[in-house]
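In this note's numbering, the protein residues as written are 12 to 387. Note sheet for the following structure.
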Amino acid sequence: MILSNTLSAKLSEISQKCIKCELCVKECAFLRRYGKPKDIADQYDSGEQINRLMAFECSLCQLCTAVCPVGINPSGMFLEMRCDAITRGDSDFDKYKHILTYEMRGISKRYTWYGLPEKCDTVFFPGCALPGTRPDKTIAVFELMQKKISSLGIVLDCCTNISHDLGRKEFFLSAFGEMKQFLIQNGVKTVIAACPTCYKIFDQYGESINVKSIYEFIADQKIRKINNEAQTVTIHDPCALRFNGHIQDDVRRIVSNLGLAINEMPRIREKTLCCGGGGSVKYLSCYLSEKWADVIKQEQSGNRVITYCAGCASSLGKSMPVSHIIDLFFDTNATLAGKIKVYKSPMTYLNRINLKRRLKKILKTVVSYERAERPF
Ligand code: SF4
Ligand code: SF4
Numbered sequence: 012m013i014l015s016n017t018l019s020a021k022l023s024e025i026s027q028k029c030i031k032c033e034l035c036v037k038e039c040a041f042l043r044r045y046g047k048p049k050d051i052a053d054q055y056d057s058g059e060q061i062n063r064l065m066a067f068e069c070s071l072c073q074l075c076t077a078v079c080p081v082g083i084n085p086s087g088m089f090l091e092m093r094c095d096a097i098t099r100g101d102s103d104f105d106k107y108k109h110i111l112t113y114e115m116r117g118i119s120k121r122y123t124w125y126g127l128p129e130k131c132d133t134v135f136f137p138g139c140a141l142p143g144t145r146p147d148k149t150i151a152v153f154e155l156m157q158k159k160i161s162s163l164g165i166v167l168d169c170c171t172n173i174s175h176d177l178g179r180k181e182f183f184l185s186a187f188g189e190m191k192q193f194l195i196q197n198g199v200k201t202v203i204a205a206c207p208t209c210y211k212i213f214d215q216y217g218e219s220i221n222v223k224s225i226y227e228f229i230a231d232q233k234i235r236k237i238n239n240e241a242q243t244v245t246i247h248d249p250c251a252l253r254f255n256g257h258i259q260d261d262v263r264r265i266v267s268n269l270g271l272a273i274n275e276m277p278r279i280r281e282k283t284l285c286c287g288g289g290g291s292v293k294y295l296s297c298y299l300s301e302k303w304a305d306v307i308k309q310e311q312s313g314n315r316v317i318t319y320c321a322g323c324a325s326s327l328g329k330s331m332p333v334s335h336i337i338d339l340f341f342d343t344n345a346t347l348a349g350k351i352k353v354y355k356s357p358m359t360y361l362n363r364i365n366l367k368r369r370l371k372k373i374l375k376t377v378v379s380y381e382r383a384e385r386p387f
């Protein structure tokens, strides 16, 4: 079988440069199951369906890249293997029906809205999870940033990372490309993302669009410290932002500004662990997906875990006390007491529709746009 140029290049890079030191294997249950990256690259045979499907059990978290002493990126190889499998029609999409439906709704006419006021060159991009689980706080964050950027617009849409990570390259490029073109054509130069994954996608594929995170704005807020000196929390860095030290710093600044002490876990920042939600692995292997959270649970030493990804908060929240930094910022005491209401599906869908309605009422726009019905 003929391989794509990108996959061939990745296989040959890993094959030539990997020194089989096993540092990545020690950290990752997927690699412990399937072997060292060099061996996987050398044995990859696109004629064997079983080889191609194995890559769907990798969380695409890039911890292997972070620990690798020779600077190679096995995660990128596994993503290309996924793309190869999709090109050959291998993947069983029934397994991903739930998550792909979620994504399709995110880019549908009903859920999308682009509201750009006059002279708007910067938009808030809250993603899918935050507006569904925390609609009031999504508006509160928007209003907070509006104080600094009076012509701030908002884009309710999905970055389509789910398809990206499932190897549905063509679909992703088409869906994300349509959004990117619209933003560029309408003068948007900067996107401020709430979700780590959206940030990563804009950073990687946004071309001329500059991407920022909401956390630098929140960290700059003057906060009246609540007397939380006795409270200690720990911080889970989402793997999508493992190489973005400035955002990791901003989040720690927010926590410290609130008067809380931070007891760091051994694996943080570049060496952070996946929450289990990465790469849609949970739809194929609960064992591999849950293995990550098992380690985090051991390392959080009973402290409340603060994270800045709604997906991580939901995944880790099944086995330990976890809060989103947005909840901590707006409702510190209730969050620390574990008394915050976070909406779950199907209410999340209704919340997103209502949020769109509310935003349309409060924002004076010169450009108002929804995606076409079933555009892809
Ligand atoms: S990306 Fe994560 S899950 Fe995949 S091989 Fe690397 S460390 Fe393991
Ligand atoms: S850490 Fe790097 S060199 Fe070592 S086994 Fe993994 S990919 Fe190979």
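A virtual CB, placed ideally from N, CA and C, is assigned to each residue, including glycine.
Same chain, Cβ closer than 6 Å to N62, five either side skipped, listed in chain order: Y55, D56
Is it right to say Y107 is buried, meaning 16 or more other beta carbons lie within 10 angstroms of its own, or is it exposed? buried
Which of the three DSSP states, helix, strand or coil, is assigned to L167? strand
From the DSSP output, which residues share a beta bridge with F135? I165, I203
Are Y226 and I173 closer than 8 Å when you measure CB to CB? no
I'd like to know whether the C-beta of Q60 is nearer than 8 Å to at least one C-beta of chain B. Absent from the structure: chain B. Only one protein chain is present.
What's the gap between the Cα of T245 and the Cα of P207? 18 Å
Can you tell me whether K365 is buried or exposed? The criterion is at least 16 other CB atoms within 10 Å of its CB, across all chains shown. Before going on, a small fix: residue 365 reads as Asn here, not Lys. That one is exposed.
Helix, strand or coil: how does DSSP classify Y294 here? helix
Using a Cβ-based criterion (distance less than 7 Å to any ligand heavy atom), does L42 qualify as near ligand 1? yes
Is it the case that the segment 313-333 contacts the segment 356-363, given that we only count it when at least three CB pairs across the two stretches are under 8 Å? no
Comparing alpha-carbon positions, which option in F254, V202, K233, I212 lies nearest N221? V202
Looking at ligand 1, does it come within less than 7 Å of F340, judged from the CB to the closest heavy atom? no
Would I212 and C250 be called neighbours here (beta carbons separated by less than 8 Å)? no
Terminal residues of the continuous beta strand (DSSP E) containing I9? No statement about residue 9 is possible, as the shown extent of the chain runs from 12 to 387 and does not include it.
Starting from K223, follow the beta strand (DSSP E) in both directions and report where the run begins and ends. 221-224
Endpoints, alpha helix (DSSP H) assigned at I195: 180-196
Under DSSP, the alpha helix (DSSP H) around Y113 begins and ends at which residues? 108-117
Going by alpha carbons, who is nearest to S162 out of Y210, K148, F135? F135
E381 vs T144 beta-carbon contact at 8 Å: no
Buried or exposed: where does Q259 fall if 16 or more other Cβ atoms within 10 Å of its Cβ makes it buried? buried
Indicate whether the contact test is met: 3 or more Cβ pairs, each with one atom in the segment 127-134 and one in the segment 100-117, closer than 8 Å. no
Could you tell me the alpha carbon to alpha carbon distance between D176 and E38, rounded to whole angstroms? 21 Å
Expected contact under 8 Å - CB spacing of R93 and A66 to nearest Å: 5 Å
Hey, would you say the C-beta of L295 is under 7 Å away from at least one heavy atom of ligand 1? no
At a cut of 8 Å, does the segment 17-24 reach the segment 72-88 through at least three beta carbon pairs? yes
Give me the DSSP bridge partner(s) of Y380. Y125
Ligand 2 and L284: does the residue's C-beta get closer than 7 Å to at least one heavy atom of that ligand? no
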